[in-house]
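Single-structure report; data block below.
Number of protein chains: 2
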Amino acid sequence: MLGYDFEESLGYWLCTAQHAYMAAFKERLAPEGITYRQAEVLAWLALEGPLSQADLATRMMIEPPSLVGTLDRMEALGLLARKTCPEDRRKNFVHPLPAAEEVWQRIAACAREIRAQASQGMTKQELATLKKLLGKVRGNFAVLETLENLS
Amino acid sequence: MLGYDFEESLGYWLCTAQHAYMAAFKERLAPEGITYRQAEVLAWLALEGPLSQADLATRMMIEPPSLVGTLDRMEALGLLARKTCPEDRRKNFVHPLPAAEEVWQRIAACAREIRAQASQGMTKQELATLKKLLGKVRGNFAVLETLENLS
DNA sequence: AATTAATCATTAGGGCGCTAACCATTACCT
DNA sequence: AGGTAATGGTTAGCGCCCTAATGATTAATT
Numbered sequence: 001m002l003g004y005d006f007e008e009s010l011g012y013w014l015c016t017a018q019h020a021y022m023a024a025f026k027e028r029l030a031p032e033g034i035t036y037r038q039a040e041v042l043a044w045l046a047l048e049g050p051l052s053q054a055d056l057a058t059r060m061m062i063e064p065p066s067l068v069g070t071l072d073r074m075e076a077l078g079l080l081a082r083k084t085c086p087e088d089r090r091k092n093f094v095h096p097l098p099a100a101e102e103v104w105q106r107i108a109a110c111a112r113e114i115r116a117q118a119s120q121g122m123t124k125q126e127l128a129t130l131k132k133l134l135g136k137v138r139g140n141f142a143v144l145e146t147l148e149n150l151s
Numbered sequence: 152m153l154g155y156d157f158e159e160s161l162g163y164w165l166c167t168a169q170h171a172y173m174a175a176f177k178e179r180l181a182p183e184g185i186t187y188r189q190a191e192v193l194a195w196l197a198l199e200g201p202l203s204q205a206d207l208a209t210r211m212m213i214e215p216p217s218l219v220g221t222l223d224r225m226e227a228l229g230l231l232a233r234k235t236c237p238e239d240r241r242k243n244f245v246h247p248l249p250a251a252e253e254v255w256q257r258i259a260a261c262a263r264e265i266r267a268q269a270s271q272g273m274t275k276q277e278l279a280t281l282k283k284l285l286g287k288v289r290g291n292f293a294v295l296e297t298l299e300n301l302s
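Respectively, the protein sequence lines represent chains A and B. For the first sequence, counting from 1, position 110 maps to 110 in this note's numbering; every step adds exactly one. For the second sequence, counting from 1, position 151 maps to 302 in this note's numbering; every step adds exactly one.
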């Protein structure tokens with residue numbers, strides 16, 4: 001039967017921890033009437049200003065087609081607007097609308113709460129170690145992607 | 152603008168690390184003609200034998216309706232069969248079929264490879280620390296769920 | 001200048017997640 | 001026994017992920 005032993009696997013711990021984190025985040029977001037991905041769009045726009053859809057998709061680590069539906073819904077909600085770039089008329093720049101500002105304020109508060117809750121009972125040392133090791137995990141896979149891009 | 156600073160957030164590291172892990176896993180699984188969730192079904196059945204759909208959903212940390220489609224597809228592929236339980240005719244027990252065995256062998260090998268790659272360049276100490284801290288994160292959210300269940 | 005190649009957004013189609021609502025079956029309870 | 005939960009699986013409807021293919025625009029080539 002070739003037992004696999006989930007508990008031993010790093011993937012298991014990674015998935016359950018991330019699942020718990022995201023579930024808590026989504027739960028806090030629900031009363032605000034917004035989804036996680038919509039919140040992330042507002043976050044990136046708040047941080048970097050208007051972005052093209054391709055740039056936004058890169059930052060969110062999804063493919064451009066995956067973004068279309070989310071932007072459609074947010075546009076319908078009056079949270080943002082797509083404006084074609086005059087210099088390159090292929091591009092749409094995504095602009096947050098005034099209604100987005102107050103929503104973003106509440107969302108950022110949620111994010112900070114969740115962040116604090118996630119690291120409860122951890123020393124600064126432990127937190128730094130955790131981030132460092134998670135970065136190492138990501139790096140262990142990123143190497144391969146780089147090599148693939150060279151072929 | 153109330154900057155949020157993604158890099159500082161534990162959630163950011165958690166999501167990117169998990170994303171890299173899962174992307175690599177799915178990529179290895181694709182040539183086997185199977186998806187991640189289908190692989191997970193086979194894994195649980197291999198570990199615990201036939202399970203009801205509700206029990207399977209609990210282990211996979213999803214809701215029972217989310218499992219229906221995946222099981223339908225696997226049944227169509229001839230990987231498993233649903234059999235109604237004689238003692239409680241509400242329940243379906245999910246049984247792996249012979250075709251699933253060879254698939255599971257290859258999948259388990261993939262899982263072990265990814266697992267090894269994820270922890271490359273880490274000492275046993277670091278790995279243990281990482282698992283422990285991830286467990287702590289999960290625990291920080293699990294507490295709340297428990298309290299909610301009491302209300 | 002005209003053709004070819006690359007880039008951007010979108011649609012189409014499929015996989016997987018959720019909640020709410022619906023049956024069928026079983027458990028509980030007066 | 002008979003009515004009322006509670007449980008197990010399903011459907012319906014929506015959100016979000018992917019790849020492959022399309023149309024529009026811009027860049028690069030010859």
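Using N, Cα and C, we set each Cβ at its ideal position, and we do this for glycine too. The structure displayed is predicted, hence computed values, not measured ones.
Is it true that the CB of residue j sits closer than 8 Å to the CB of residue i?
i	j	result
C236(B)	R179(B)	no
V245(B)	L222(B)	yes
L51(A)	K282(B)	no
P216(B)	L230(B)	no
E191(B)	R257(B)	no
C15(A)	Q268(B)	no
W13(A)	G286(B)	yes
L284(B)	E126(A)	yes
E48(A)	A57(A)	no
T129(A)	T274(B)	no
Below 8 Å on C-beta distance, what does residue i contact in chain A?
i	result
S270(B)	L10, V137 and N140
M273(B)	L133 and K136
Evaluate residue i with the Cβ neighbour count: other Cβ atoms within 10 Å of its Cβ, from every protein chain shown; 16 or more gives buried, anything less gives exposed.
i	result
L193(B)	buried
V219(B)	exposed
A175(B)	buried
R289(B)	buried
A197(B)	buried
N291(B)	buried
N149(A)	For N149(A), the predicted structure reports a pLDDT of 48, less than 50, and the residue's modelled location is therefore unreliable. The matter cannot be settled from this model.
May I ask you to list the residues that DSSP assigns as paired with residue i?
i	result
H95(A)	A81(A)
L180(B)	Answer by DSSP bridge pairing: none, since L180(B) is not bridged.
S203(B)	F244(B)
Measure from the alpha carbon of residue i to the alpha carbon of each residue in the options, then state which is nearest.
i	options	result
A20(A)	N140(A), P64(A) and S119(A)	S119(A)
A99(A)	P65(A), L45(A) and L77(A)	L77(A)
R115(A)	K26(A), Y12(A) and E8(A)	K26(A)
Q189(B)	E226(B), R263(B) and W164(B)	E226(B)
A108(A)	W13(A), Y12(A), Y36(A) and E8(A)	Y36(A)
I34(A)	R73(A), R112(A) and T123(A)	R73(A)
M173(B)	A293(B), N291(B), F292(B) and E264(B)	E264(B)
N243(B)	D206(B), W195(B), M212(B) and E252(B)	D206(B)
K234(B)	M211(B), Q204(B) and R210(B)	Q204(B)
What does residue i touch in chain A if you count any residue whose Cβ is under 7 Å from its own?
i	result
A119(B)	Here chain B covers residues 152 to 302 and nothing more, so residue 119(B) does not appear.
R266(B)	S9, L10 and G11
Y187(B)	Within 7 Å Cβ-Cβ: nothing; Y187(B) doesn't reach chain A, min ~10 Å.
M211(B)	The contacting residues do not exist; M211(B) stays about 10 Å from chain A at best.
So residue i contacts chain B; which residues on that side make the cut at Cβ distance below 8 Å?
i	result
K127(A)	Checking the displayed sequence, the identity of residue 127(A) turns out to be Leu instead of Lys. Ordered by position in chain B, the residues that pass the 8 Å Cβ test against L127(A) are L161.
L42(A)	What L42(A) touches in chain B: nothing, since even the nearest Cβ is about 10 Å away.
L80(A)	Those do not exist, as L80(A) stays about 16 Å from chain B at its closest Cβ, beyond 8 Å.
Mind listing the chain B neighbours of residue i? Cutoff is C-beta to C-beta under 9 Å, in chain order.
i	result
M74(A)	Near M74(A) there are no residues of chain B at all, since even the closest Cβ is about 18 Å away, more than 9 Å.
L71(A)	The contacting residues do not exist; L71(A) stays about 20 Å from chain B at best.
A20(A)	V288, R289, G290, N291, F292, A293 and E296
L67(A)	The contacting residues do not exist; L67(A) stays about 16 Å from chain B at best.
L29(A)	Chain B residues near L29(A): none, gap ~13 Å exceeds 9 Å.
Using the beta-carbon of each residue, which ones in chain A are nearer than 9 Å to residue i?
i	result
A250(B)	Within chain A, no residue comes near A250(B); the closest Cβ sits about 16 Å away, beyond 9 Å.
L228(B)	Per Cβ cutoff of 9 Å: no residues; L228(B) is ~21 Å from chain A at best.
Run through chain B and tell me which residues come within less than 7 Å of residue i, C-beta to C-beta.
i	result
L56(A)	Neighbours of L56(A) on chain B: none; closest Cβ ~14 Å, over 7 Å.
L45(A)	In chain order: nothing, as chain B lies at least about 10 Å away.
L51(A)	Under the 7 Å cutoff, chain B gives no residues; its nearest Cβ is about 14 Å from L51(A).
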